[in-house]
Amino acid sequence: MPKASAVSVLVVDDQQSMRGICKYILNQLGFKDIIEAKSGRDALGKLEKSNVDLIISDWNMEDIDGLTLLKVIRKHPRTQNMPFIMATGRSDKEQVKEAISFGVNNYIIKPFDASTMKKRIEAVIGALT
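Structure follows, in structure tokens:
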């Protein structure tokens, strides 16, 4: 069982307000090490410099979208097994199937609350303590 405060989370979203909400919820759940990225390209740069245990990424972003970010992460040996949760504003079954085919570990529909976020994270990394 991972201790939330020991897990490093990378939150990727092009909307500062959504990053803020996500960070607030993660703090409520006990996460302390939260890195923010404003785009897929920004996320890739931060992954090179930081040790990250979990990625929560928006799907729809300018520059490099969440699906492309997922594909790139799955191709690199250092990050290929990194837990990845996709956040999306649409519950499009085809979109979810596509993300699953590229190795997403879970997804969350926006807007979400702390309870939903906790369930999605625990389904990927195990029960939090």
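Numbering of the sequence shown is given in this note's numbering, commencing with residue 686 and proceeding in unit increments.
No residue lacks a Cβ here, since even glycine has one placed at the ideal position from N, Cα and C.
(request) Within its chain, find whatever has a CB closer than 7 Å to the CB of Val781; leave out the 5 residues flanking it on each side and keep chain order. (result) Tyr792
(request) Using the Cα positions of Asp727 and Thr814, report the straight-line distance between them to the nearest angstrom. (result) 30 Å
(request) Go ahead and pull the three-state DSSP assignment for Ile810. (result) helix
(request) Please report the Cβ distance between Ser724 and Ile749, rounded to the nearest whole angstrom; I am assuming they are in contact, meaning their Cβ atoms lie under 8 Å. (result) 6 Å
(message) Does the contact criterion of 3 or more C-beta pairs under 8 Å hold for the segment 688-703 versus the segment 733-753?
(response) yes
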